[in-house]
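Encoded as structure tokens, the structure appears first; notes follow it.
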Amino acid sequence: MELWYTEEHSDNVRFSIRVDKQLYSGKSEFQRIDILYSNEFGTFLTLDSLMMLTEKDEFIYHDMIVHVPMAVNPAIKKVLVIGGGDGGTVRELARYKTIEQIDLVEIDEMVVEACRKYLPTTTCSLDDERVNIYYEDGLRFVRHIENEYDLIIVDSTDSFGPGESLFTKAFYGNCYKALKEDGILVNQHESPYYAAYANSFKRAHSRIVEFFPITKVYEAHIPTYPSGYWMFGFASKKYDPVEDLKADEWNALKLETGYYNTDLHRNCFSLPNYVKRILEDS
Ligand code: SAM
Numbered sequence: 039m040e041l042w043y044t045e046e047h048s049d050n051v052r053f054s055i056r057v058d059k060q061l062y063s064g065k066s067e068f069q070r071i072d073i074l075y076s077n078e079f080g081t082f083l084t085l086d087s088l089m090m091l092t093e094k095d096e097f098i099y100h101d102m103i104v105h106v107p108m109a110v111n112p113a114i115k116k117v118l119v120i121g122g123g124d125g126g127t128v129r130e131l132a133r134y135k136t137i138e139q140i141d142l143v144e145i146d147e148m149v150v151e152a153c154r155k156y157l158p159t160t161t162c163s164l165d166d167e168r169v170n171i172y173y174e175d176g177l178r179f180v181r182h183i184e185n186e187y188d189l190i191i192v193d194s195t196d197s198f199g200p201g202e203s204l205f206t207k208a209f210y211g212n213c214y215k216a217l218k219e220d221g222i223l224v225n226q227h228e229s230p231y232y233a234a235y236a237n238s239f240k241r242a243h244s245r246i247v248e249f250f251p252i253t254k255v256y257e258a259h260i261p262t263y264p265s266g267y268w269m270f271g272f273a274s275k276k277y278d279p280v281e282d283l284k285a286d287e288w289n290a291l292k293l294e295t296g297y298y299n300t301d302l303h304r305n306c307f308s309l310p311n312y313v314k315r316i317l318e319d320s
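Residues 39 to 320, numbered by the numbering used here, are exactly what the sequence shown covers, in order.
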């Protein structure tokens with residue numbers, strides 16, 4: 039009998055992938071964790087039946103969440119990643135020899151353990167000596183930190199369940215405080231296309247704008263996320279993500295990437311009118 043993984047992208051739309059193997063299923067204190075295998079997408083991770091990543095397209099998400107801020111300030115040394123228990127964001131950060139410390143704050147240890155076993159392609163840098171893993175709620179972790187990080191990356195689940203606190207005003211205010219004078223905040227910003235996701239996108243943006251003088255949104259094409267069209271937020275106390283792009287410096291690093299390049303960087307902040315309108319109304 040054929041087995042299919044099906045996710046509701048809206049009340050009227052479902053997205054399905056044929057499952058060729060079930061690798062792991064578990065329930066933690068926070069969420070249900072499934073790791074499945076598809077002949078098309080390779081191994082993939084879902085939390086509470088929502089797609090987190092597939093081996094085939096995770097490079098797009100992880101390239102965009104890491105290399106965009108790193109190309110704006112290649113001198114970044116101390117990074118905080120909130121969420122991101124699959125390790126993909128840490129893997130990309132660890133490629134920069136100039137980064138001295140990466141603190142990963144993941145609420146759910148079971149996600150990390152399951153990914154270590156079934157997704158070694160993303161967890162491969164979690165044992166890098168610059169990486170510290172804290173199993174804690176991200177909102178609690180940032181609460182008492184001041185002026186410490188060059189970059190905070192919010193690699194969270196969606197704006198409900200355990201990830202809800204990472205979309206609040208209190209959280210963004212604490213991130214602002216935890217960043218240094220020239221700090222950058224990047225967050226996964228949901229999709230502007232289907233109403234439920236667009237509402238979280240709009241709400242999150244309107245909250246970030248309250249704290250940061252520079253806030254921009256950028257896009258990527260991620261086939262397995264709702265609508266295939268995904269947004270990231272860039273907020274900074276100092277840098278404009280396009281005007282301050284250090285293209286020559288970043289290109290001199292000669293990092294091989296599957297999606298990100300500095301030409302794409304200049305253009306990914308150019309948004310369609312319907313997305314601009316959502317942001318203007320927020
Ligand atoms: N790339 C993914 C996406 O956008 O769908 C995100 C992947 S990563 C697996 C998300 C992680 O955030 C999960 O492992 C989840 O446990 C973690 N998380 C959710 N809420 C959290 C919180 N409040 N504090 C820290 N980590 C949290």
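The beta carbon of each residue, even a glycine, is placed where N, CA and C say it ideally should be.
In chain order, Y256 and E257 place their CB closer than 6 Å to the CB of C306, counting only its own chain and leaving out the 5 sequence neighbours on each side. Distance between I246 and E40, taken at the CA atoms: about 44 Å. Judged by pairs of C-beta atoms under 8 Å, the region 110-123 does not touch the region 228-240, as fewer than three such pairs exist.
Uninterrupted alpha helix (DSSP H) stretches at least 4 residues long and entirely within the region 127-184 occur at 147-156, 158-161 and 176-181, given in chain order. Judged by DSSP in its simplified three-state form, L302 adopts helix.
For F205, no pairing in a beta bridge is given by DSSP. A contact between stretches requires three or more CB pairs, one per stretch, nearer than 8 Å, and the region 284-300 meets this requirement with the region 97-108. Restricting attention to beta strand (DSSP E) runs no shorter than 3 residues, the region 72-115 encloses them at 80-85 and 88-92, ordered along the chain.
For K240, the enclosing alpha helix (DSSP H) covers residues A233 to V247. Within the chosen limit of 7 Å, the ligand SAM reaches the beta carbon of L85 through at least one heavy atom. Take K207, set aside five residues on each side of it, and the residues of its chain with a beta-carbon closer than 6 Å to its own are R245, in chain order. With 16 or more other Cβ atoms from the protein chains shown falling within 10 Å of its own Cβ, T81 counts as buried. Selection S54, T160 and V117 evaluated against L88 yields S54 as nearest (Cα-Cα). According to DSSP, residue pairing for H259 in a beta bridge involves Y267.
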